Amino acid sequence: MKLFRSLYDWVLSWAKTAYAVPSLFVLAFAEASFFPVPPDVLLMALALSAPRRSYVFAAIASFGSVAGGILGYSIGWGLWDVLEPYFFQYIPGMTEAGFAQVGELFRTYGFWTIFAAGFTPIPYKIFTITAGVFQLNFPIFIVASFIGRSLRFFLVAAMFYYFGEAARALIEKYFNLFSFLLLAAIIIVIILLRMLS
Numbered sequence: 000m001k002l003f004r005s006l007y008d009w010v011l012s013w014a015k016t017a018y019a020v021p022s023l024f025v026l027a028f029a030e031a032s033f034f035p036v037p038p039d040v041l042l043m044a045l046a047l048s049a050p051r052r053s054y055v056f057a058a059i060a061s062f063g064s065v066a067g068g069i070l071g072y073s074i075g076w077g078l079w080d081v082l083e084p085y086f087f088q089y090i091p092g093m094t095e096a097g098f099a100q101v102g103e104l105f106r107t108y109g110f111w112t113i114f115a116a117g118f119t120p121i122p123y124k125i126f127t128i129t130a131g132v133f134q135l136n137f138p139i140f141i142v143a144s145f146i147g148r149s150l151r152f153f154l155v156a157a158m159f160y161y162f163g164e165a166a167r168a169l170i171e172k173y174f175n176l177f178s179f180l181l182l183a184a185i186i187i188v189i190i191l192l193r194m195l196s
């Protein structure tokens, strides 16, 4: 936990550098395939410092994350046999049990699984790599990733755009709850649609 906090503080310090915006793209890219700190940390710091540019920052985070997701997909698709032991041992959030559960979700709900992983605080990297391992339809992967990640980052950006400093406390306190409630609502709608069809 101490290591994660150190990484968190280190990422937050990037907001005060001339390289903050490119760092946001790099962080979003890395987090989608291997890095443990989510880009929301830097996105919030940048949006707080320049609320009127919040949507630009959200777009950068979205494109970086989807590009990193493509790397994760490629790792799963082409290198999984070689890298599997290292991922379970060294990548935070990657466990064999979690991987097996994600595989089952892909077989049943491919698009919605990626969308949910992109939007909620669950580790997106597990899902990008697993999508490649299970060879989820690539265009579906891209569309679901782009919608999920963009919705997440643009929601954060909108809060800073309209509420400034007050948004930080709201996001830190309620974002996880809100994203899980939205996911639950989507799951209920899917179940109802399947029952009616």
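Position 90 of the sequence shown, counting from 1, maps to 89 under numbering that gives the first Met the number 0, and the rest follow consecutively. Just so you know, even glycine gets a beta-carbon here, dropped at the ideal spot from N, CA and C. Just so we're clear, the structure is a prediction, and the values are computed from it rather than from any experiment.
Distances from the CA of Val155 to each of Thr112, Leu45, Ala66 and Val36 were compared; the closest alpha carbon is that of Leu45.
A residue is called buried once 16 or more other Cβ atoms fall within 10 Å of its Cβ, and Ser48, having fewer, is exposed. Secondary structure in the region 13 to 37: the alpha helix (DSSP H) runs of 4 residues or longer, each lying completely within the stretch, are 19 to 30 in chain order.
For the set Ala31, Val20 and Tyr89, the Cα lying nearest the Cα of Leu42 is the one of Val20.
Using a Cβ-Cβ distance cut-off of 8 Å, the region 140 to 147 and the region 63 to 78 are in contact, since at least three pairs of beta carbons, one from each stretch, lie closer than that value.
Closest option to Phe133, judged by alpha-carbon separation, among Arg106, Phe159, Arg51 and Tyr173: Arg106. Closest option to Phe28, judged by alpha-carbon separation, among Phe56, Ala17 and Ala60: Ala60. In the three-state reduction of the DSSP assignment, Pro122 falls in the coil class, being assigned neither a helical nor a strand state. Per the coordinates, the alpha-carbon of Ala166 lies some 6 Å from the alpha-carbon of Phe159. The beta-carbon distance between Thr112 and Leu104, rounded to whole angstroms, is 4 Å. This is short enough to meet the 8 Å contact definition. Contact annotation: Gly147 and Phe118 have beta-carbon atoms nearer than 7 Å. Distance from Phe98 to Thr129 at the Cβ level is roughly 6 Å; contact confirmed, criterion being Cβ atoms closer than 8 Å.
Contact between Phe162 and Ala57 is absent: CB atoms are separated by about 15 Å, not below the 8 Å threshold. DSSP, read as helix, strand or coil, puts Pro91 in coil. Where Phe133 is concerned, there is no enclosing alpha helix (DSSP H), because DSSP gives it neither an H nor an E. A check of alpha carbon separations from Pro50 across Ile190, Ile186 and Ala157 identifies Ala157 as the nearest. Taking 4 residues as the shortest admissible run, the region 37 to 88 contains the following complete alpha helix (DSSP H) segments, listed from N- to C-terminal end: 39 to 48 and 53 to 73. For Ser149 and Phe114, the gap between their C-alpha atoms comes out near 10 Å. Taking C-beta atoms as the reference points, Gly109 and Gly75 fail to come closer than 7 Å.
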